[in-house]
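Quick mapping for you: the protein sequence lines, in order, are chains C and R. Everything in the first sequence is counted per UniProt numbering, starting at 1 for the first residue and increasing by one. Everything in the second sequence is counted per UniProt numbering, starting at 1 for the first residue and increasing by one. These notes are about the structure you will find just below.
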Amino acid sequence: MELPSSSAMETDANVPPAAPPKPLFQALKPHEMSDGKVQFRKIPVPSHRFAPLKRNWMEIYTPIYEQMKVDIRMNLKARRVELKTRQDTPDVSHLQKCADFVHAFMLGFDLCDALALLRLDDLYVDSFEIKDVKTLRGEHLSRAIGRLSGKGGKTKFAIENSTRTRIVIADTKIHILGSFVNIKVARDSLCSLILGSPAGKVYSKLRAVSARIAERF
Amino acid sequence: MGEEALSRLRTTEPVAYLAPSPELSSLTRAASGHLYSSLLPFCPSKPPLDHLLSDQSFDAEQIWSQIDLLSKPLLPFLRRQLSRLEKESKLQSSLPGNTLKSTGKTKKDEEEEEDNDEELGLGDEEEGDEDEDDEEEDDGEEFEDKDEEEGEDEKGEDEVKDKAVEDKFLKIKELEKFLEDGEAEEYGLPTQKKKIDQDYQDNGNETDQDEEDDDDDEEDALDIGNLDDDSEGELEEEMENARYEDFFGCQSNKGALKKSSRKKVKFDDRPQINEIEYEETDDEIENKEIEYQENDDETENNKKNMSTHEKEVAKLRSKIEEMERANLEPKSWTMIGEVTAAKRPVNSALEVDLDFEHNVRPAPVITEEVTASLEELIKKRIIDGQFDDVQRAPSLPSKAPRELKELDENKSKQGLAEIYEEEYAQKAGLATAPISVSDELKKEAEMLFKKICLKLDALSHFHFAPKPIIEDMSIQANVPALAMEEIAPIAVSDAAMLAPEEIFEGKGDVKDEKELTGADRKRRRANKKRRFKAESAKKPRPTTDANGQ
Numbered sequence: 001m002e003l004p005s006s007s008a009m010e011t012d013a014n015v016p017p018a019a020p021p022k023p024l025f026q027a028l029k030p031h032e033m034s035d036g037k038v039q040f041r042k043i044p045v046p047s048h049r050f051a052p053l054k055r056n057w058m059e060i061y062t063p064i065y066e067q068m069k070v071d072i073r074m075n076l077k078a079r080r081v082e083l084k085t086r087q088d089t090p091d092v093s094h095l096q097k098c099a100d101f102v103h104a105f106m107l108g109f110d111l112c113d114a115l116a117l118l119r120l121d122d123l124y125v126d127s128f129e130i131k132d133v134k135t136l137r138g139e140h141l142s143r144a145i146g147r148l149s150g151k152g153g154k155t156k157f158a159i160e161n162s163t164r165t166r167i168v169i170a171d172t173k174i175h176i177l178g179s180f181v182n183i184k185v186a187r188d189s190l191c192s193l194i195l196g197s198p199a200g201k202v203y204s205k206l207r208a209v210s211a212r213i214a215e216r217f
Numbered sequence: 001m002g003e004e005a006l007s008r009l010r011t012t013e014p015v016a017y018l019a020p021s022p023e024l025s026s027l028t029r030a031a032s033g034h035l036y037s038s039l040l041p042f043c044p045s046k047p048p049l050d051h052l053l054s055d056q057s058f059d060a061e062q063i064w065s066q067i068d069l070l071s072k073p074l075l076p077f078l079r080r081q082l083s084r085l086e087k088e089s090k091l092q093s094s095l096p097g098n099t100l101k102s103t104g105k106t107k108k109d110e111e112e113e114e115d116n117d118e119e120l121g122l123g124d125e126e127e128g129d130e131d132e133d134d135e136e137e138d139d140g141e142e143f144e145d146k147d148e149e150e151g152e153d154e155k156g157e158d159e160v161k162d163k164a165v166e167d168k169f170l171k172i173k174e175l176e177k178f179l180e181d182g183e184a185e186e187y188g189l190p191t192q193k194k195k196i197d198q199d200y201q202d203n204g205n206e207t208d209q210d211e212e213d214d215d216d217d218e219e220d221a222l223d224i225g226n227l228d229d230d231s232e233g234e235l236e237e238e239m240e241n242a243r244y245e246d247f248f249g250c251q252s253n254k255g256a257l258k259k260s261s262r263k264k265v266k267f268d269d270r271p272q273i274n275e276i277e278y279e280e281t282d283d284e285i286e287n288k289e290i291e292y293q294e295n296d297d298e299t300e301n302n303k304k305n306m307s308t309h310e311k312e313v314a315k316l317r318s319k320i321e322e323m324e325r326a327n328l329e330p331k332s333w334t335m336i337g338e339v340t341a342a343k344r345p346v347n348s349a350l351e352v353d354l355d356f357e358h359n360v361r362p363a364p365v366i367t368e369e370v371t372a373s374l375e376e377l378i379k380k381r382i383i384d385g386q387f388d389d390v391q392r393a394p395s396l397p398s399k400a401p402r403e404l405k406e407l408d409e410n411k412s413k414q415g416l417a418e419i420y421e422e423e424y425a426q427k428a429g430l431a432t433a434p435i436s437v438s439d440e441l442k443k444e445a446e447m448l449f450k451k452i453c454l455k456l457d458a459l460s461h462f463h464f465a466p467k468p469i470i471e472d473m474s475i476q477a478n479v480p481a482l483a484m485e486e487i488a489p490i491a492v493s494d495a496a497m498l499a500p501e502e503i504f505e506g507k508g509d510v511k512d513e514k515e516l517t518g519a520d521r522k523r524r525r526a527n528k529k530r531r532f533k534a535e536s537a538k539k540p541r542p543t544t545d546a547n548g549q
């Protein structure tokens with residue numbers, strides 16, 4: 001923030017010498033940046049995630065409170081998780097990250113997977129529905145869901161492992177957690193599965209793509 | 001009286017006739033008169049004289065002319081009767097029960113007529129100088145007269161018989177006629193059309209036939225020239241032809257035979273068809289046939305006029321003409337080179353015997369042996385296990401097989417955060433690369449393999465392969481090379497021994513304490529002191545006051 005005044009003075013010879021010295025400001029604290037206001041985030045809890053939340057509450061609470069320096073509480077009456085910035089919250093984005101983390105957990109992701117959201121910046125959660133891809137009804141829909149997950153979930157795991165993403169199939173809704181490129185690859189595979197291609201075909205494509213991705217890095 | 005004269009004439013010796021005697025002449029006159037009167041009733045047309053004027057005053061010539069007047073119409077009549085009798089006799093020989101009577105009667109009659117004929121012939125002989133031809137004629141006449149008379153008698157008798165057998169379908173006359181015609185065809189005898197002619201025509205027309213008969217008598221039994229024509233003109237023409245051919249002998253015979261046979265062939269066809277109307281329509285049919293026949297006769301005559309050489313030449317010429325005509329005309333489709341289906345008539349290729357190469361092996365005829373042989377082969381192959389299976393061509397490994405990254409279908413044990421953590425750690429270099437399970441196994445396998453390879457190469461004293469470099473911490477025994485070079489292990493080289501520099505660098509105290517001299521000891525102590533002083537000068541020593549605070 002504070003420019004070195006000496007350099008300014010050295011470069012500028014034409015400036016009149018009778019100028020007051022520039023003020024030196026200390027760095028703003030995060031809570032000061034938002035004008036001292038406290039920010040909130042409210043994340044509703046679906047009923048089927050209530051029990052897992054209760055179970056994993058400490059694992060959620062600890063990293064948020066300790067490392068992110070964000071206040072967190074569960075509003076039981078409203079069935080919400082509420083987040084609030086503190087004074088010593090280092091960055092504004094921390095609150096958002098925590099919110100994303102909790103939201104990911106609510107969507108159905110595992111804790112360890114959702115934790116990556118806290119740690120890495122460039123991870124996102126992408127959601128879409130089966131009907132966005134293809135209008136299926138009744139048995140076709142059920143079969144499509146079955147195709148997506150595979151026998152014992154092996155197709156889903158295969159996609160997850162090869163693309164380094166995490167996938168949650170919640171009835172007709174599909175959520176993907178991962179980096180942007182990986183989300184794209186995973187989404188393409190899932191869409192092809194929805195449209196009806198057999199798993200073997202998807203595997204071969206995955207292999208090729210993942211090899212390319214691995215080579216790049 | 002006449003009969004007596006005849007009998008007396010018969011008994012006299014022939015020698016007596018050589019010399020003229022009035023007794024014999026009177027006898028003969030009487031006999032001839034008797035014969036004349038006896039024959040008179042049989043004559044169809046009455047002669048002017050009722051009895052023979054055979055007095056002494058009459059000349060032989062005159063008497064002969066009278067007899068001639070009588071005999072001229074009589075002879076043909078008798079001849080016909082004789083021929084008819086002949087036929088009837090043949091018929092009746094087949095028919096049982098009829099022959100005996102007729103033959104008996106005929107024989108008697110024959111005897112009577114024979115006498116008459118003989119006397120007639122004798123009389124003629126005596127009266128004038130007759131030629132041998134005449135005698136032959138008379139003989140022929142006699143034979144024919146006999147036949148005719150027999151025919152007459154038989155005819156009379158047969159008429160009685162026939163009416164018992166015949167009905168509206170069967171007529172014995174027709175039957176006889178048919179048989180006669182058949183025989184005539186076979187042997188070339190003159191057909192018995194004369195009988196029919198005599199039945200339906202006047203005797204005036206028969207004069208020509210008489211002449212014909214006279215001519216025929218002169219020759220062999222196979223008579224020619226009985227050209228059975230109805231009209232006079234045709235007859236005359238054919239008579240002329242016959243004479244010409246007669247002059248040339250066998251040629252004409254054949255021709256006539258052909259003609260007659262041909263005619264007879266044609267004629268015979270008809271009775272089979274129209275048996276009932278035979279007698280009435282036969283003349284018309286004959287007319288037509290004869291007209292057609294005449295043309296053939298003429299061409300045949302022309303041919304016969306040419307010699308054999310001429311005939312051959314004519315044949316050749318006709319052949320040449322034919323061939324030239326064929327050459328001028330467009331060729332048949334089989335002779336043209338390439339023919340499409342449009343150029344030849346429909347289905348014409350089926351009729352022609354085409355010959356073309358079959359490039360297809362003909363289908364094998366399946367017999368039991370073939371089947372048995374096949375089955376044996378199959379069994380043998382099964383036992384041997386030698387099947388002609390298609391074997392995949394072994395693909396040459398052009399390059400090393402790429403390591404396929406296996407898709408892990410299990411739930412990943414690490415969370416996403418941990419994966420990224422590891423990735424970051426690798427990048428940053430903080431942590432060693434985590435070896436995946438497959439890599440560990442691979443490394444282990446590699447190690448084992450290298451050890452084995454080393455042992456194997458040692459067998460050949462490393463002539464071709466260098467010792468593999470295994471990068472791992474191993475204790476190097478600083479053993480002198482001499483100790484190593486023993487029985488087997490020429491394999492061990494001293495290249496892996498520690499270098500002198502590695503043992504000792506050179507700085508520091510080289511000499512051992514026992515080796516030190518006095519001056520060296522002093523020097524060492526002095527160095528030590530100097531070092532110590534330097535170090536203590538660097539460290540800030542805590543200063544002590546006089547008071548010890």
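For every residue, glycine included, the Cβ atom is placed at its ideal position computed from N, Cα and C.
Phe-532 (chain R) (DSSP reduced to helix, strand or coil): By 1-based counting over the second sequence, the position of residue 532 (chain R) is 532. Helix, per DSSP.
DSSP state of Ile-469 (chain R) mapped onto helix, strand, coil: Counted from its first residue, the second sequence places residue 469 (chain R) at position 469. Here Ile-469 (chain R) sits in coil by DSSP.
Whole-Å CB distance - Gly-415 (chain R) paired with Asp-113 (chain C), under 8 Å assumed: Within the second sequence, numbered from 1, the residue matching residue 415 (chain R) stands at position 415. Within the first sequence, numbered from 1, the residue matching residue 113 (chain C) stands at position 113. Contact holds; Cβ gap of about 5 Å.
Residue environment, Asp-124 (chain R), which counts as buried when at least 16 other CB atoms sit within 10 Å: Along the second sequence, one-based indexing puts residue 124 (chain R) at 124. Here Asp-124 (chain R) scores only 46 on pLDDT, less than 50, and its place in the model should not be relied on; the value that follows carries that caveat. Burial call: buried.
Minimum Cβ-Cβ distance from Ser-7 (chain C) to chain R less than 8 Å: Along the first sequence, read from residue 1 onward, the residue named residue 7 (chain C) stands at position 7. Only weak support is given to the placement of Ser-7 (chain C): the predicted model assigns it a pLDDT of 49, under 50, and the value that follows is read from those uncertain coordinates. No - not a single Cβ of chain R is within 8 Å of the one on Ser-7 (chain C).
CB contact check: Glu-409 (chain R) to chain C, cutoff 8 Å: Here residue 409 (chain R) is taken as the residue at index 409 of the second sequence, counted from 1. Yes, because at least one Cβ of chain C sits closer than 8 Å to the Cβ of Glu-409 (chain R).
The region 121-129 of chain C / the region 170-184 of chain C touching (three or more Cβ pairs under 8 Å): Yes, the region 121-129 of chain C touches the region 170-184 of chain C.
Chain B contacts from the region 98-116 of chain C (Cβ-Cβ distance under 9 Å): Of the protein chains in this structure, namely C and R, none is chain B.
Test item: CB-CB of Leu-407 (chain R) and Ser-197 (chain C) under 8 Å: Counted from its first residue, the second sequence places residue 407 (chain R) at position 407. Counted from its first residue, the first sequence places residue 197 (chain C) at position 197. No, the Cβ-Cβ distance between Leu-407 (chain R) and Ser-197 (chain C) is not below 8 Å.
Leu-49 (chain R) versus Gln-62 (chain R): straight-line alpha-carbon distance, rounded: The residue you call residue 49 (chain R) lines up with position 49 of the second sequence. The residue you call residue 62 (chain R) lines up with position 62 of the second sequence. Cα to Cα, the separation comes out at about 13 Å.
Burial state of Tyr-200 (chain R), where buried means 16 or more other Cβ atoms lie within 10 Å: As a first step, residue 200 (chain R) must be located in the second sequence, where it is residue number 200. In this prediction, Tyr-200 (chain R) scores a pLDDT of 49, lower than 50, which makes its location untrustworthy; no coordinate-derived value is stated.
Classification of Met-68 (chain C) by the beta-carbon crowding that lies within 10 angstroms, buried from 16 upward: Position 68 of the first sequence holds residue 68 (chain C). Around the beta carbon of Met-68 (chain C), 16 or more other beta carbons lie within 10 angstroms, which makes this residue buried.
Option nearest Ser-38 (chain R) by Cα separation, candidates R:Ile-67, R:Arg-10, R:Glu-23: Along the second sequence, one-based indexing puts residue 38 (chain R) at 38. It is R:Ile-67 whose Cα lies nearest to the Cα of Ser-38 (chain R).
Within chain C, the residues that Leu-459 (chain R) reaches when beta carbons sit closer than 8 Å: The count along the second sequence starts at 1 and reaches residue 459 (chain R) at position 459. Contacts between Leu-459 (chain R) and chain C, judged by CB atoms closer than 8 Å, are missing: the closest CB pair is about 42 Å apart.
Buried versus exposed, by CB contacts within 10 Å (16 or more), Val-510 (chain R): Along the second sequence, read from residue 1 onward, the residue named residue 510 (chain R) stands at position 510. Exposed: under 16 other Cβ atoms inside 10 Å.
For Met-58 (chain C), three-class secondary structure by DSSP: Locating residue 58 (chain C) in the first sequence gives position 58, where the first residue counts as 1. Helix at Met-58 (chain C).
Within-8 Å CB hit, Gly-415 (chain R) to chain C: In the second sequence, residue 415 (chain R) corresponds to position 415, counting from 1. Yes, contact with chain C.
Distance cut-off 7 Å: Ile-366 (chain R) Cβ against heavy atoms of the ligand FAD: Of the ligands one can find in the structure shown there are none, so the ligand FAD has no counterpart to examine.
Buried versus exposed, by CB contacts within 10 Å (16 or more), Pro-76 (chain R): Counting from one through the second sequence, the residue named residue 76 (chain R) turns up at place 76. With 16 or more other Cβ atoms within 10 Å, it is buried.
Amino acids of chain C, ordered along the chain, whose beta-carbon sits closer than 8 Å to that of Ser-412 (chain R): Here residue 412 (chain R) corresponds to residue number 412 of the second sequence, with the count starting at 1. What Ser-412 (chain R) touches in chain C: Phe-157, Glu-160, Asn-161.
Classification of Gly-151 (chain R) by the beta-carbon crowding that lies within 10 angstroms, buried from 16 upward: For the purposes of this step, residue 151 (chain R) is identified with residue 151 of the second sequence, where counting begins at 1. Low confidence applies to Gly-151 (chain R): its pLDDT is 46, below 50, so where it sits in the model is not reliable, and the reading given next is rough at best. In the assembly as shown, Gly-151 (chain R) is a buried residue. Its beta-carbon has 16 or more other beta-carbons within 10 Å.
Beta carbon proximity, Glu-369 (chain R) to chain C, threshold 8 Å: Residue mapping note: residue 369 (chain R) aligns to position 369 of the second sequence, counting from 1. False, the Cβ-Cβ gap to chain C never drops below 8 Å.
Beta-carbon proximity list for Pro-364 (chain R), same chain, < 7 Å, skipping 5 on both sides: Reading the second sequence from its first residue, position 364 is the one you call residue 364 (chain R). When the five nearest sequence neighbours on each side are left out, the beta carbons in the same chain lying within less than 7 Å of the beta carbon of Pro-364 (chain R) are those of Val-370, in order along the chain.
Glu-88 (chain R) versus Glu-176 (chain R) - alpha carbon distance: Indexing the second sequence from 1 puts residue 88 (chain R) at position 88. Indexing the second sequence from 1 puts residue 176 (chain R) at position 176. Straight through space, the alpha carbons of Glu-176 (chain R) and Glu-88 (chain R) are spaced by roughly 8 Å.
Per-residue DSSP class, three states only, for Phe-157 (chain C): Walking along the first sequence from the start, residue 157 (chain C) turns up at place 157. Under the three-state reduction of DSSP output, Phe-157 (chain C) falls in the helix class.
Closer than 8 Å to chain R by CB, Leu-193 (chain C): Residue numbering aside, residue 193 (chain C) sits at position 193 when the first sequence is read from its first letter. Taking a beta-carbon distance threshold of 8 Å, Leu-193 (chain C) does not count as an interface residue toward chain R.
Span of the alpha helix (DSSP H) around Pro-22 (chain R): Counting from one through the second sequence, the residue named residue 22 (chain R) turns up at place 22. 22-39 is the span of the alpha helix (DSSP H), which, as asked, contains Pro-22 (chain R).
Alpha carbon of Leu-117 (chain C) to alpha carbon of Ile-60 (chain C), nearest angstrom: Taking the first residue of the first sequence as 1, we reach residue 117 (chain C) at position 117. Taking the first residue of the first sequence as 1, we reach residue 60 (chain C) at position 60. Taking the straight line joining both Cα atoms gives about 12 Å.
Val-185 (chain C) - DSSP class collapsed to helix/strand/coil: Looking up residue 185 (chain C) in the first sequence gives position 185. Looking at Val-185 (chain C) - three-state DSSP - the assignment turns out to be helix.
C-alpha distance - Glu-185 (chain R) paired with Tyr-36 (chain R), whole-angstrom precision: Start at 1 with the first residue of the second sequence, and residue 185 (chain R) comes out as number 185. Start at 1 with the first residue of the second sequence, and residue 36 (chain R) comes out as number 36. For Glu-185 (chain R) and Tyr-36 (chain R), the distance between alpha carbons rounds to 39 Å.
Near-chain R residues of the region 203-214 of chain C (beta-carbon distance less than 9 Å), N- to C-terminal order: Within the region 203-214 of chain C, those residues whose Cβ lies closer than 9 Å to any Cβ of chain R are, in chain order, Tyr-203, Leu-206, Arg-207, Ser-210, Ala-211, Ala-214.
Cα-Cα separation, Leu-454 (chain R) to Lys-399 (chain R): In the second sequence, the residue the question calls residue 454 (chain R) occupies position 454. In the second sequence, the residue the question calls residue 399 (chain R) occupies position 399. Leu-454 (chain R) and Lys-399 (chain R) have their C-alpha atoms some 26 Å from each other.
Residue range of the alpha helix (DSSP H) that includes Pro-44 (chain C): Your numbering for residue 44 (chain C) matches position 44 in the first sequence. No alpha helix (DSSP H) holds Pro-44 (chain C); the beta strand (DSSP E) holding it covers 40-44.
Classification of Tyr-424 (chain R) by the beta-carbon crowding that lies within 10 angstroms, buried from 16 upward: Start at 1 with the first residue of the second sequence, and residue 424 (chain R) comes out as number 424. Exposed, since its Cβ has fewer than 16 Cβ neighbours within 10 Å.
Cutoff 8 Å: Glu-422 (chain R) Cβ touching any chain C Cβ: If you number the second sequence from 1, residue 422 (chain R) lands on position 422. With 8 Å as the cut-off, Glu-422 (chain R) does not count as an interface residue toward chain C.
Uninterrupted alpha helix (DSSP H) stretches inside the region 309-382 of chain R (no shorter than 4 residues): Counting whole runs of 4 or more residues, the region 309-382 of chain R contains the alpha helix (DSSP H) stretches 348-351.
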